Amino acid sequence: MEKIIISPSILSADFMNLEQEIAAVKEAGAEWLHIDVMDGHFVPNISIGIPVVKSIRKKTDMFLDVHLMIDNPEKYIKAFAESGADLITFHYEATTEPEKVISLIKHYGKKAGISIKPKTKSEEIFPFLNSLDLVLVMTVEPGFGGQEFLHDCAMKIPSIKERSPENLIIQVDGGINNITSKICKSLGASSLVAGSYIYKSNDYKKAIESLI
Ligand code: DX5
Ligand code: ZN
């Protein structure tokens, strides 16, 4: 089986101790760090933004996987790129010009990802698969950590994989644990985001290893 990239989501970390929380998942074996950005418009929640990404960049060499759950992402690509993101994933539903957003991300030398919410059909993003580095399949309604995995959404993975170039990463986000991770891997996912499963556990290393 191909290597699975685990991307711990800091949304469930202790924000008072963010530096230690990031160092701890790195120490536990994670190479990527998932940063959830929410604007209170695209999703009914507000999380963190540009200054926090900038601060994290100064303290870690982990690969920063930034998940933008914001309306009109094209307005903020430059700022997130300059703040030190390595990968910028935006939502297909949040813009009328997905191609433009992908080009902008590439223009700033970053890896580009597109994400789809549970109700969005996989066919909608087929036209972009050749210009992307990653597709993020949401298996919960975006906005909150700790929700239950939606099995039907995971069924989108094979149809995306079938049409994807070899090196396109298919990432899954929402409700990932030691059981749902197996389902996603068997369907063809190559990266898994996990927030509460890792950060609410008392052994980050064990939790990460149980996902691989
Ligand atoms: C939800 C976020 C997720 C969230 C996942 O909108 O995109 O990254 O942190 O949390 P868990 O793993 O707890 O479902
Ligand atoms: Zn996320």
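Each residue of the sequence shown is one higher than the one before, starting from 133 at the first, in my numbering. Glycine residues also receive a C-beta, built at the ideal position from the N, C-alpha and C atoms. Since the structure is predicted, the reported quantities are computational estimates derived from the model, not experimental observations.
query	result
heavy atom of ligand 1 below 6 Å from Ser333 C-beta	no
Residues near Tyr208 by beta carbon distance below 8 Å, same chain, minus five either side	Ile182, Leu200, Ile202
Three CB pairs or more closer than 8 Å across the segment 323-330 and the segment 290-299	no
Nearest-angstrom Cα separation, counted from Ile154 out to Thr252	32 Å
Chain-order list of residues whose beta-carbon lies under 6 Å from that of Ile301 (same chain, five-residue window excluded)	Leu266, Ser322, Ser323
Close-in-space but distant-in-sequence residues of the same chain around Gly216 (CB under 7 Å, 5 per side omitted)	Val185, Lys186, Arg189, Leu196
Nearest neighbour of Ser235, chosen from Val175, Glu206, Ser291 [CA to CA]	Glu206
Distance between Phe222 and Ala211 (C-alpha atoms, nearest Å)	14 Å
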